[in-house]
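Comments concern the structure below.
2 protein chains.
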Amino acid sequence: MSKLYVIGTGPGGLEYLPPIARKAIEESDQLVAYGLYLDLLGDLITGKTRHDRPLGEEIERARLALQLAAKGENTALISSGDIGIFAMATLVFELLDKEPEAGWEKVDIEVVPGISAMQAAASKIGAPLGHDFCAISLSDLLTPWETIEARLNAAGQGDFVISFYNPVSIKRDWQLAKAKEILLQYRPATTPVIIGRNLTRQDEKITVTTLAELDPTQVDMLTLVMIGNSDSRHITVEDGEAKRDWVYTPRGYSKKITFAKPSLERQPDEAINS
Amino acid sequence: MSKLYVIGTGPGGLEYLPPIARKAIEESDQLVAYGLYLDLLGDLITGKTRHDRPLGEEIERARLALQLAAKGENTALISSGDIGIFAMATLVFELLDKEPEAGWEKVDIEVVPGISAMQAAASKIGAPLGHDFCAISLSDLLTPWETIEARLNAAGQGDFVISFYNPVSIKRDWQLAKAKEILLQYRPATTPVIIGRNLTRQDEKITVTTLAELDPTQVDMLTLVMIGNSDSRHITVEDGEAKRDWVYTPRGYSKKITFAKPSLERQPDEAINS
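Going down the list, the sequences are from chains U and G. Reading the first sequence from the start, the letters are residues 1 to 274 in the UniProt record's numbering. Reading the second sequence from the start, the letters are residues 1 to 274 in the UniProt record's numbering.
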């Protein structure tokens, strides 16, 4: 039985691609994806048959992948990040559900998760996802804006750390400004905001600003925007001339534990050699 | 300058460990973790010095890792899943923030993200994280229950897919039942619920039930519980004797696009050889 691998390749750098994803790509002869995601894979896909499809043709990509696999071709449907998060995997199962007579029930589907953009952004700037969080797509192409606005209000009320996927595109330029306006009703103007672009790729850029100073014109489709909760902290650690910015969201240890003075520090405990 | 790697090793299976995490472990001489997480790494940690600390001693683990790195030892602080998500990374930065005189500003910290439990669960059962979602820890050891309850209500109002971390422990046995009761006020009794245990490890078990039938006594600390949103679908695909259960959360394509009848299917497009 032929396989359909549904693979998330992570944020971009191949050092984030786990062995299970690499193996799935190696075992596939047919690759279906938006071309840029395949280009990021470099030599790993040499000799394989590419089916590049432009952005906007998501349903065609998912259907093509199922058709190729149903014909007996080992196939990989590929996206960057985690293909299960705001990406192509859900369309594969929606097609299976909605087109039951297509003959796809024989296809052996395996989903391979990847590191999502919010995780790449979080790791580069500290630990902003240390406590309860949510992820919201600001694209109203498929979801009515009223639903998105209800979720923004709910996320504000619940004081969740929020990652915005699809924050802005050429055609959608006002949603992020509206989201900012809604969230300012719930959390301080000084709330840390992380803006990550091209994470783990060449020209990676990550900056920290505040909710009040968030400038939607600085954000595009390659950008992940993350809004801290009301406890999130932006700190700057200085070592002589060197400075490093970090953002973290505490779990609540400071309410339970008195942080130690240096003089009270414990010595490293006895070690066990492995 | 010595490094402190803060590493999430993913759900368990080493096939989910990306090269960046493997390299960080290889470059570390001192490993600080809850012992089970190190055991899962097998031969990868042979010859390195282990500092096992039991669950509950999280702050001690984070402090020890900073101390070892500040002394010039290349050190890895390790947890399973994504160490940035409800895990140790946030404590490292909280210590940096709260204990500024400890001399840790010289430590070169690098956070390495991993595949989180919710992603492993989602990939094994389809694509339940296909649309807006949140993650909530049900542990009230560090977070007041009122805060958690407010988040549960917000998640219900916002119709987010919800992943519960720390759903149940030996000492905390009622929180999941209460969460279920709250969510039943917002979404149908038939809402799909995914219960994943030991994901990607030996004895992995993943089952699908409904919100009404979710039985908290079947859940423990090694379990990830995920609640669909009001659009999430549980489907069973049958191929002769074989059956496969899938859960997916649609993005909303069905509102925009008429799914094709088999006779209208497009043929696979022309291929480009890579």
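Cβ atoms here follow ideal geometry from the backbone N, Cα and C, with glycine treated the same way. Everything numeric in this text was worked out from a predicted model, so none of it was measured.
Query	Result
Give the interface partners of G:LYS106 over in chain U, defined as CB-CB distance under 8 Å, in chain order.	ASP239
Take G:PRO167 and list the residues in its own chain whose beta-carbon comes closer than 7 Å to its own, dropping the five residues that flank it on each side.	LEU138, LEU176, VAL219, THR223 and VAL225
9 Å is my cut-off, CB to CB: does U:ALA271 come that close to chain G?	Since pLDDT at U:ALA271 reaches only 47, below the 50 mark, its modelled position is unreliable, and no value is offered.
Determine the direct distance from the alpha carbon of G:ALA89 to that of G:LEU55, and round the result to whole angstroms.	15 Å
Identify every run of the beta strand (DSSP E) within the stretch 26-88 of chain U, keeping only runs that are complete inside it and at least 3 residues long; order them along the chain.	30-33, 49-52 and 75-79
Check each candidate in U:GLU26, U:ALA135, U:HIS131 and U:THR147 and name the one with the smallest Cα separation from G:LEU142.	U:HIS131
From what residue to what residue does the alpha helix (DSSP H) around G:LEU152 run?	145-157
If you compare alpha carbons, which of U:ASP108, U:GLY126, U:LEU129 and U:GLN185 is closest to G:VAL237?	U:ASP108
Between the C-alpha atoms of G:GLU241 and G:LEU66, what's the straight-line distance to the nearest angstrom?	56 Å
Find out if the Cβ-Cβ distance for the pair G:ALA127, G:TYR248 is shorter than 9 Å.	yes
Note down, in chain order, each residue of its chain lying with its Cβ closer than 6 Å to the Cβ of U:VAL32, except the 5 sequence neighbours on either side.	HIS51, ARG61, LEU64, ALA65 and LEU77
Looking at the unbroken alpha helix (DSSP H) that takes in U:MET118, where does it start and where does it end?	117-125
Tell me whether the stretch 142-157 of chain U and the stretch 195-206 of chain U touch, counting them as touching only if at least three CB pairs, one residue from each stretch, are closer than 8 Å.	no
Use the C-beta contact count for U:GLN185: other C-beta atoms within 10 angstroms, 16 or more gives buried, fewer gives exposed.	exposed
Looking at chain U, is there any beta carbon in it that lies within less than 9 Å of the beta carbon of G:ILE136?	yes
Here's a check: name, in chain order, each residue in its chain whose Cβ is nearer than 6 Å to the Cβ of G:SER80, leaving out the five neighbours to either side.	THR9 and TYR37
Using a C-beta cutoff of 9 Å, does G:PRO192 count as contacting chain U?	no
If you measure from the beta carbon of G:GLY228 to each beta carbon in chain U, is any gap under 9 Å?	no
List, in chain order, every chain G residue whose beta-carbon is nearer than 9 Å to that of U:ASP215.	Going along chain G, no residue has its Cβ under 9 Å from U:ASP215, so there is no contact; the nearest lies around 24 Å.
Over what stretch of residues does the alpha helix (DSSP H) that includes G:ILE181 continue unbroken?	The question names Ile, but residue 181 of chain G is Glu in the sequence shown. Where G:GLU181 is concerned, the enclosing alpha helix (DSSP H) stretches over 175-183.
Starting from the beta carbon of U:PHE164, find every residue of chain G whose beta carbon is closer than 9 Å, and list them in chain order.	The contacting residues do not exist; U:PHE164 stays about 10 Å from chain G at best.
Nearest by alpha-carbon distance to G:GLY13: which of G:ASP245, G:SER116 and G:ILE195 is it?	G:SER116
Counting only beta-carbon separations shorter than 9 Å, does U:GLU265 have a partner in chain G?	Since pLDDT at U:GLU265 reaches only 40, below the 50 mark, its modelled position is unreliable, and the value read off the structure follows with that caveat. Cβ-Cβ to chain G under 9 Å: yes for U:GLU265.
I need the straight-line Cα distance from G:ILE59 to G:PRO100, nearest angstrom please.	16 Å
Name the two residues that bound the continuous beta strand (DSSP E) containing U:LEU224.	223-227
Run down chain U in chain order and give the residues with a C-beta less than 7 Å from the C-beta of G:VAL112.	SER123
Roughly how many angstroms separate the alpha carbons of U:LYS171 and G:ASP239, rounded to a whole number?	43 Å
Taking the beta carbon of G:ALA122 as the centre, do at least 16 other beta carbons fall within 10 Å, making it buried, or is it exposed?	buried
Do you know offhand how far G:GLU181's Cα is from G:ILE162's?	14 Å
Could you say which of G:ALA69, G:THR75 and G:PRO113 lies nearest to residue 300 of chain U if we only look at CA atoms?	Any answer about residue 300 of chain U is impossible in this case: the structure gives chain U only from 1 up to 274.
According to DSSP, what are the bridge partners of G:TYR165?	G:SER137
Pull the bridge partners of G:TRP104 from the DSSP assignment, please.	DSSP, once it has assigned bridges, lists no residue as partnering G:TRP104.
Along the chain, where does the beta strand (DSSP E) containing G:TYR5 start, and where does it finish?	3-8
Classify U:ARG244 as helix, strand or coil using the three-state DSSP reduction.	strand
With distances taken Cα to Cα, identify the nearest neighbour of U:LYS178 among U:LEU211, U:MET118, U:MET1 and U:TRP246.	U:LEU211
If you run the structure through DSSP and keep just helix, strand and coil, what is G:ARG172?	coil
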